[in-house]
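A.B. asks: Let me give you the structure first, and then I'll get to my questions.
Number of protein chains: 4
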Amino acid sequence: MEGILTEERAAFLERDFYQGFIKTCGFKLDVLERGRAKSSLEVTEGHSQQDSFVHAGVMATMADHTAGYAAFSVVPEDSRILTLEFKINFLRPAVGHRLICRAKVVKEGKNILVADSEVYSQRDGVEKIAAKALVTLMAVPATALRA
Amino acid sequence: MEGILTEERAAFLERDFYQGFIKTCGFKLDVLERGRAKSSLEVTEGHSQQDSFVHAGVMATMADHTAGYAAFSVVPEDSRILTLEFKINFLRPAVGHRLICRAKVVKEGKNILVADSEVYSQRDGVEKIAAKALVTLMAVPATALRA
Amino acid sequence: MEGILTEERAAFLERDFYQGFIKTCGFKLDVLERGRAKSSLEVTEGHSQQDSFVHAGVMATMADHTAGYAAFSVVPEDSRILTLEFKINFLRPAVGHRLICRAKVVKEGKNILVADSEVYSQRDGVEKIAAKALVTLMAVPATALRA
Amino acid sequence: MEGILTEERAAFLERDFYQGFIKTCGFKLDVLERGRAKSSLEVTEGHSQQDSFVHAGVMATMADHTAGYAAFSVVPEDSRILTLEFKINFLRPAVGHRLICRAKVVKEGKNILVADSEVYSQRDGVEKIAAKALVTLMAVPATALRA
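Chains as they are written, first to last, in this note's numbering: chain U, 1 to 147; chain E, 1001 to 1147; chain A, 2001 to 2147; chain L, 3001 to 3147.
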């Protein structure tokens, strides 16, 4: 991958990360490098499903959003990122008090980007993979979204 | 599909639907029939992403959870439903004030169920499809989850 | 959906359908309408997997290729179609002597199209759904592929 | 992962790999270790699509089948493997003379296994990733398939 992620751009993306549903959920952006992002979540009762595990939707949102910012880090500054689709496998019930998500861009096209996104559950210092996703994203000019 | 969904069972599933992350998100179960469920959401700023559309994670959670209760409606009462995986395509940015999700079970196996789940965006009385998902679910004995 | 599928274009696409791997597999294009395609396959031993069912790869290829030509039928004549990704659920082992695939475009964007593709197995006159796919396709100018 | 892959079992699986559609396609099993498999294909005109690239269906079949044998290598000898579903992203048109697929089991459950499967295209000694898949598989007793 060419190009670099400037400090100004990284600072912009970090602010941009926290809005709307992401604030509602409580995700935190821990690391943003070119083509990679890491986020985390302190799990509360407000993230659970009917059997007290973390809801699949929490992990799906985390996998998607973290992949989105990994993608943002490689596109031009006047581009915005939209998720075209994703697929996520839930590998084991997430029971920990903390989730961590690591996403990386695996294909960087001009318009289409593909990212691999993994969610880990932390409990008593042990980290286990809980979900694995493949995310297809599209870079669109910011002007195209303001119509 | 054999069997019926008794009133008692439907009432139990309706209560079971609203917990943890689903309360956080604000989804409402509108209809539950055998093999089918319909849910809705009044969209607020707390559901948005960085470009003011509804966040992909909101639609993914809605598609997954509604599919889950469509699946619950066909399995024995001592079974619980876990999502093994899903895939969701975002067909257009969701800009409406209300989302509607319709899920139906398309394959009812003993252990594995597959559901089709669609999310629609409502705006000024017009309903447009915003996302389409395929969800793979597993029925497990409730006792297996209490270990 | 606007536009029509001219007879000339349909005839071109029908010839274009049969090439390389599709000839190897033996798929037949039965119907091509704007946004929809139907194909079929006479199943032989050469399509089986280790347990004598039709191989998942046969159904995946059929779902993808039929979706591709449904997409071809709605794009300009100087566009080519590439599959970005697909997901397919295998709903039951396919044991019939004939497969049928029905694909339809569910979202027709300028560059990105999404199709729903279903594979049915026929046996003794009874048709059962065997697989269900969601396919994301991209329309690219033919000139872009000749580089 | 516990257990080992005995020489006898590996030899059985190697023979089992080549049947029906896999013979038709010409895939070769190069390596089989516990939880991992590597296969290859000498690309011919019979594997192409309408723009002379390798057909998406070839890569999908390879990703699925190789993942299947990675899964076979970790289940009891009286188990058979069925693909429940998979998702595959095509990262770049495959133009090489040789394809290589590497699959590994990323979650080994009693009944449900998940594998990650990647297809690489080789051309002039350079190997590039062409496709990436996530595959969900189910282990079933061999006796259940003979009904």
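In this text, a Cβ means the ideal position worked out from N, Cα and C, and glycines have one as well.
How is U/LEU91 classed by DSSP in three states: helix, strand or coil?
C.D. replies: Here residue 91 of chain U refers to the residue found at position 91 of the first sequence. Reduced to three states, the DSSP call for U/LEU91 is coil.
A.B. asks: May I have the straight-line CA-CA distance separating A/MET2001 from A/ARG2034, to the nearest angstrom?
C.D. replies: In the third sequence, residue 2001 of chain A corresponds to position 1, counting from 1. In the third sequence, residue 2034 of chain A corresponds to position 34, counting from 1. Summary for A/MET2001: the model assigns pLDDT 43, below 50, so the residue's position carries little reliability, and this model does not support an answer.
A.B. asks: Output the distance between the C-alpha atoms of A/GLU2042 and A/ASP2016, rounded to the nearest integer angstrom.
C.D. replies: On the third sequence, position 42 is the one that residue 2042 of chain A refers to. On the third sequence, position 16 is the one that residue 2016 of chain A refers to. Their Cα atoms are separated by approximately 20 angstroms.
A.B. asks: Taking only the alpha-carbon atoms, compute the straight-line gap between L/LEU3099 and E/GLU1007 and give it to the nearest angstrom.
C.D. replies: In the fourth sequence, residue 3099 of chain L corresponds to position 99, counting from 1. In the second sequence, residue 1007 of chain E corresponds to position 7, counting from 1. Straight-line Cα distance between these residues: approximately 56 angstroms.
A.B. asks: So that I know if they touch, is there some Cβ in chain A lying closer than 8 angstroms to that of L/SER3073?
C.D. replies: By one-based count along the fourth sequence, residue 3073 of chain L stands at place 73. Chain A contact via Cβ: absent.
A.B. asks: Just how far apart, CA to CA, sit A/GLU2127 and A/ARG2092?
C.D. replies: One-based indexing of the third sequence puts residue 2127 of chain A at position 127. One-based indexing of the third sequence puts residue 2092 of chain A at position 92. Taking the straight line joining both Cα atoms gives about 12 angstroms.
A.B. asks: Along chain E, which residues have their Cβ under 9 angstroms away from the Cβ of U/SER117?
C.D. replies: Within the first sequence, the letter at position 117 stands for residue 117 of chain U. What U/SER117 touches in chain E: nothing, since even the nearest Cβ is about 12 angstroms away.
A.B. asks: Here's a check: name, in chain order, each residue in its chain whose Cβ is nearer than 7 angstroms to the Cβ of E/ARG1009, leaving out the five neighbours to either side.
C.D. replies: Reading the second sequence from its first residue, position 9 is the one you call residue 1009 of chain E. GLU1077.
A.B. asks: For E/LYS1028, which residues does DSSP report across the bridge?
C.D. replies: One-based indexing of the second sequence puts residue 1028 of chain E at position 28. Its beta-bridge partners are E/SER1040.
A.B. asks: In terms of alpha-carbon separation, which member of E/LYS1038, E/GLN1122, E/GLY1026 and E/ALA1060 lies closest to E/VAL1105?
C.D. replies: Residue mapping note: residue 1105 of chain E aligns to position 105 of the second sequence, counting from 1. That would be E/LYS1038, whose Cα lies nearest to the Cα of E/VAL1105.
A.B. asks: Let me know the secondary structure DSSP gives L/TYR3018 once reduced to three states.
C.D. replies: Indexing the fourth sequence from 1 puts residue 3018 of chain L at position 18. Three-state DSSP puts L/TYR3018 in coil, outside helix and strand.
A.B. asks: Does the CB of A/ILE2112 have a neighbour CB from chain U at under 8 angstroms?
C.D. replies: Start at 1 with the first residue of the third sequence, and residue 2112 of chain A comes out as number 112. Closer than 8 angstroms: yes.
A.B. asks: What does the alpha-carbon distance come out to for the pair E/THR1066 and A/VAL2140?
C.D. replies: Here residue 1066 of chain E is taken as the residue at index 66 of the second sequence, counted from 1. Here residue 2140 of chain A is taken as the residue at index 140 of the third sequence, counted from 1. If you take the alpha carbons of E/THR1066 and A/VAL2140, they lie about 36 angstroms apart.
A.B. asks: Flag this pair as yes or no: are the beta carbons of E/LEU1084 and L/THR3136 separated by less than 8 angstroms?
C.D. replies: For the purposes of this step, residue 1084 of chain E is identified with residue 84 of the second sequence, where counting begins at 1. For the purposes of this step, residue 3136 of chain L is identified with residue 136 of the fourth sequence, where counting begins at 1. Cβ atoms of E/LEU1084 and L/THR3136: closer than 8 angstroms.
A.B. asks: Roughly how many angstroms separate the alpha carbons of U/VAL95 and U/ASP51, rounded to a whole number?
C.D. replies: Counting from 1 along the first sequence, the entry for residue 95 of chain U is found at position 95. Counting from 1 along the first sequence, the entry for residue 51 of chain U is found at position 51. Using only the alpha carbons, I get a separation of about 10 angstroms.
A.B. asks: Relative to chain L, which residues along the stretch 1081 to 1114 of chain E have a C-beta separation below 9 angstroms, given in chain order?
C.D. replies: Correct list: LEU1084, GLU1085, LYS1087, ASN1111, ILE1112 and VAL1114.
A.B. asks: For L/PHE3086, which beta-bridge partners are listed by DSSP?
C.D. replies: For the purposes of this step, residue 3086 of chain L is taken as the residue at position 86 of the fourth sequence. Looking at the DSSP assignment, L/PHE3086 forms a beta bridge with A/ILE2088 and L/VAL3135.
A.B. asks: Roughly how many whole angstroms lie between the Cα atoms of U/ALA56 and A/GLN2019?
C.D. replies: Reading the first sequence from its first residue, position 56 is the one you call residue 56 of chain U. Reading the third sequence from its first residue, position 19 is the one you call residue 2019 of chain A. If you take the alpha carbons of U/ALA56 and A/GLN2019, they lie about 42 angstroms apart.
A.B. asks: For the putative contact between U/PHE21 and E/GLN1049, defined by C-beta atoms under 8 angstroms, what is the C-beta separation to the nearest angstrom?
C.D. replies: Position 21 of the first sequence, counted from the start, is the residue given in the question as residue 21 of chain U. Position 49 of the second sequence, counted from the start, is the residue given in the question as residue 1049 of chain E. Indeed they touch by this definition, with Cβ atoms about 6 angstroms apart.
A.B. asks: Strictly under 8 angstroms for the Cβ-Cβ distance: is E/LEU1145 near chain U by that measure?
C.D. replies: The sequence position of residue 1145 of chain E within the second sequence is 145, counting from 1. Yes, its Cβ sits closer than 8 angstroms to a Cβ of chain U.
A.B. asks: Among L/VAL3075, L/ALA3060 and L/SER3040, which residue has its Cα nearest to the Cα of L/LEU3013?
C.D. replies: Your numbering for residue 3013 of chain L matches position 13 in the fourth sequence. Among L/VAL3075, L/ALA3060 and L/SER3040, the Cα nearest to that of L/LEU3013 is on L/VAL3075.
A.B. asks: Determine, using beta carbons only, whether A/SER2117 and A/ALA2133 come nearer to each other than 8 angstroms.
C.D. replies: By 1-based counting over the third sequence, the position of residue 2117 of chain A is 117. By 1-based counting over the third sequence, the position of residue 2133 of chain A is 133. Yes; because the gap between Cβ atoms is below 8 angstroms, this pair is in contact.
A.B. asks: Among the candidates U/SER73, U/LYS23 and U/ILE88, whose CA atom is the shortest distance from the CA of E/ALA1060?
C.D. replies: Indexing the second sequence from 1 puts residue 1060 of chain E at position 60. With distances taken between Cα atoms, E/ALA1060 lies closest to U/ILE88.
A.B. asks: Which stretch, first to last residue, makes up the alpha helix (DSSP H) that contains E/ALA1071?
C.D. replies: Here the question's residue 1071 of chain E lines up with position 71 in the second sequence. 1056 to 1072 is the span of the alpha helix (DSSP H), which, as asked, contains E/ALA1071.
A.B. asks: Scan the stretch 2041 to 2072 of chain A for residues whose Cβ lies nearer than 7 angstroms to a Cβ of chain L and list them as they occur along the chain.
C.D. replies: The residues in question are GLU2045, GLY2046, HIS2047, SER2048, GLN2049, GLN2050, ASP2051, HIS2055, ALA2056, GLY2057, VAL2058, ALA2060, THR2061, ASP2064 and HIS2065.
A.B. asks: Taking C-beta pairs closer than 9 angstroms, name the residues in chain L that U/LEU137 reaches, listed in chain order.
C.D. replies: Counted from its first residue, the first sequence places residue 137 of chain U at position 137. Those do not exist, as U/LEU137 stays about 11 angstroms from chain L at its closest Cβ, beyond 9 angstroms.
A.B. asks: Can you check whether the C-beta of A/LEU2134 is within less than 8 angstroms of a C-beta belonging to chain E?
C.D. replies: Taking the third sequence and counting its residues from 1, the one referred to as residue 2134 of chain A is at position 134. Cβ-Cβ to chain E under 8 angstroms: yes for A/LEU2134.
A.B. asks: Give the DSSP-derived three-state secondary structure of L/LEU3013 in the structure shown.
C.D. replies: Position 13 of the fourth sequence holds residue 3013 of chain L. Three-state DSSP puts L/LEU3013 in a helix.
A.B. asks: Name the DSSP bridge partner or partners of U/ARG80?
C.D. replies: Counting from 1 along the first sequence, the entry for residue 80 of chain U is found at position 80. In the DSSP output, where bridge partners are listed per residue, U/ARG80 has U/VAL140.
A.B. asks: For U/GLN122, go through chain E and note every residue whose CB falls closer than 9 angstroms to its CB, in chain order.
C.D. replies: Translated into positions along the first sequence, residue 122 of chain U becomes position 122. Those do not exist, as U/GLN122 stays about 18 angstroms from chain E at its closest Cβ, beyond 9 angstroms.
A.B. asks: Near U/TYR69, which residues of its chain fall below 7 angstroms by C-beta distance, leaving aside the five closest residues on each side in sequence?
C.D. replies: The count along the first sequence starts at 1 and reaches residue 69 of chain U at position 69. LEU13, PHE17, LEU29, LEU32 and ALA37, listed in sequence order.
A.B. asks: State yes or no: is the beta carbon of L/ASP3016 nearer than 8 angstroms to at least one beta carbon in chain A?
C.D. replies: By one-based count along the fourth sequence, residue 3016 of chain L stands at place 16. Closer than 8 angstroms to some Cβ of chain A, the Cβ of L/ASP3016 qualifies, so yes.
A.B. asks: Under the three-state reduction of DSSP, which class applies to E/LEU1145: helix, strand or coil?
C.D. replies: Stepping through the second sequence from its first residue, residue 1145 of chain E is reached at position 145. DSSP places E/LEU1145 in helix when its eight states are reduced to three.
A.B. asks: Looking only at its chain, what residues have a beta carbon closer than 8 angstroms to the beta carbon of L/CYS3025, apart from the 5 residues adjacent to it on each side?
C.D. replies: Start at 1 with the first residue of the fourth sequence, and residue 3025 of chain L comes out as number 25. Cβ neighbours of L/CYS3025 beyond the five flanking positions: LEU3041, HIS3047, VAL3058, THR3061 and MET3062.
A.B. asks: To which residues of the same chain is E/TYR1120 closer than 8 angstroms at the C-beta, ignoring the five residues directly before and after it?
C.D. replies: The residue given as residue 1120 of chain E occupies position 120 in the second sequence. Correct list, in chain order: LEU1099, ILE1100, CYS1101, ARG1102, GLU1127, LYS1128, ILE1129 and ALA1130.
A.B. asks: DSSP beta-bridge partners for U/ASP116?
C.D. replies: As a position in the first sequence, residue 116 of chain U is number 116, starting the count at 1. According to DSSP, U/ASP116 bridges with U/LYS104 and U/LEU134.
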